[in-house]
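Taking it in order: structure first as structure tokens, then the write-up.
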Amino acid sequence: MEIDDEGADKPNEVQGDTISKSKTKSKAEAIAATNGNKVKKTKRRNKNKKRDKKQLRKHSNSSVVDDKDRRVTTTRRRYEDSTGRLKAVHEREIDGKKLRTTWSRQSKQDEGRHESICSSGSPEEFETLWQQTPFVEAQKKTVKGQLQSKSDV
């Protein structure tokens, strides 16, 4: 019989190179126990452990072919980087032309800064093209519906 740390007796059964106990042992611990050695346990750090702050990761991706047979795609991501800065990325694409808008801020008091990069042409030209997509039409309907529901109240 072996006495554990709390002083309770626990029987050991040697089966091959494992020892069955009320607690599960690793293979290294079982081999060391059969040889009469002790294994130093180290605590593993959980890499997925949540921080004290709420981690923010949101992702949205939509794609549609419009009435002009153009593929229109939008992707939004909001996240907190390793330094704690809040960032957002909005990528839009129409037939191979891309516009990437990035926003980031240092702290909650910071307003943040915007940056737009267009793969071809200017961001203003892309915005004009974007106004003709189904995404803008759907957004207008949503905003109009929200305004009507607020006026009904």
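Residue numbers (UniProt numbering): 1 to 153. Cβ coordinates follow ideal geometry from the N, Cα and C atoms, glycine included.
For S63, which residues of its own chain have a beta-carbon under 6 Å away from its beta-carbon, when the five flanking residues on both sides are left out?
T73
Below 8 Å between beta carbons: does that hold for K87 and S104?
yes
Between residue 225 and the rest of its own chain, which residues show a CB-CB distance below 8 Å, the 5 nearest in sequence each way excluded?
With the chain covering only 1 through 153, there is no way to say anything about residue 225.
Bounding residues of the beta strand (DSSP E) (the contiguous stretch that carries P115):
Going by the sequence as given, residue 115 is Glu instead of Pro. 113-118 is the extent of the beta strand (DSSP E) around E115.
Can you tell me which of R113, D66, K140, S107 puts its alpha carbon nearest to the alpha carbon of E93?
D66
Go ahead and pull the three-state DSSP assignment for S107.
coil
Can you name the residues that DSSP bridges to K87?
Y79, S104
Neighbourhood of E91 by C-beta, 6 Å cutoff - its chain only, sequence neighbours within 5 removed:
T75, R100
Unbroken beta strand (DSSP E) run spanning K58, endpoints
57-65
Find out if the Cβ-Cβ distance for the pair R77, K58 is shorter than 8 Å.
yes
How would you call T133, buried or exposed, if buried means at least 16 neighbouring beta carbons within 10 angstroms?
buried
Three-state class that DSSP yields for T133 in the structure shown
coil
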